[in-house]
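Residue numbers (the numbering used here): 18 to 288.
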């Protein structure tokens, strides 16, 4: 039960701050009923505020009725400890993976405003011919290794909703654009714990990725090795092993044990 704090100063402004502070400390979010009870704010007043926040991107209203911090709140620095910690916790693991593989390594997190992942950290290869991308660049879920890695381990209902509704544009001759083929690919990722994209996003560039789970067992990010297709195919099995180990290592650093189960579904055990 959240400790009730007295509203100081302007009543409306005080409520705004209390809501944001409370949700920043609880990454899972809460329903309207739960927030009403914990914050002791009338439901009608709270609903109006929540709808306004969600409309401007400061909150997300999930299909299950839960409100969580949205992208705008995260952009201005109101975020959960795990979101702040991820790049710092993953940095040494990414560096080690780059040293082993010799290829560029990226950390991608699930976007909060669309079916995409966003590059939030990287360690570029020292080789003359290498893959490069800027931090903040987005990648679609259906045609990239980090996107597939996160997509595969979403809760079943969310995964199926996206499978049925999201667009699947063709970016190369190898891009998956058939929904049944995409579903089969995601099933394979869940079995092996790694996603492999061969020329799916850019012809001549391929990647291998593994999901990263937060302390609650949610797939929130992925680490990925990216490089020229011939070099990656030449050591695909070895890279897959290293990438999977890196994803597990970052997952443990976030407080979740690979092999545990979350929400009745396999998470880290096949990751």
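No residue lacks a Cβ here, since even glycine has one placed at the ideal position from N, Cα and C.
Ranked by how close their Cα comes to the Cα of residue 82, the residues 62, 58, 49 have 49 in first place.
Look at residue 228 here: in three-state DSSP terms it is strand. Spanning the alpha carbons of residue 200 and residue 62 requires a straight line of approximately 42 angstroms. In the DSSP assignment, residue 245 falls within the beta strand (DSSP E) that extends over 236-245.
DSSP places residue 130 in the coil class of the three-state scheme, outside both helix and strand. Counting only residues of its own chain and dropping the five nearest sequence neighbours on each side, residue 263 has a CB closer than 6 angstroms to the CB of 110, 114, 240. Annotation: the continuous beta strand (DSSP E) that includes residue 214 extends over 212-219. No Cβ-Cβ contact shorter than 8 angstroms links residue 219 with residue 268. Every alpha helix (DSSP H) stretch that sits fully inside the region 135-210 and reaches 4 residues is listed by chain position as 162-169, 173-182, 196-209.
Per DSSP, the beta-bridge partners of residue 78 are 84.
Considering only 120, 47, 67, 132, the residue with the shortest C-alpha distance to residue 32 is 67. Residue 211 holds the alpha-carbon nearest to the alpha-carbon of residue 225 among 211, 233, 54, 216. Pairing residue 175 with residue 183, the inter-Cα distance amounts to about 11 angstroms.
Linking residue 154 to residue 138 through their CA atoms gives a straight-line distance of about 11 angstroms.
An exposed status is given to residue 173, since fewer than 16 other beta-carbon atoms sit within 10 Å of its beta-carbon. Contact check for residue 242 against residue 127 fails: the beta carbons are separated by 8 angstroms or more. A direct Cα-Cα distance of roughly 7 angstroms separates residue 231 from residue 272.
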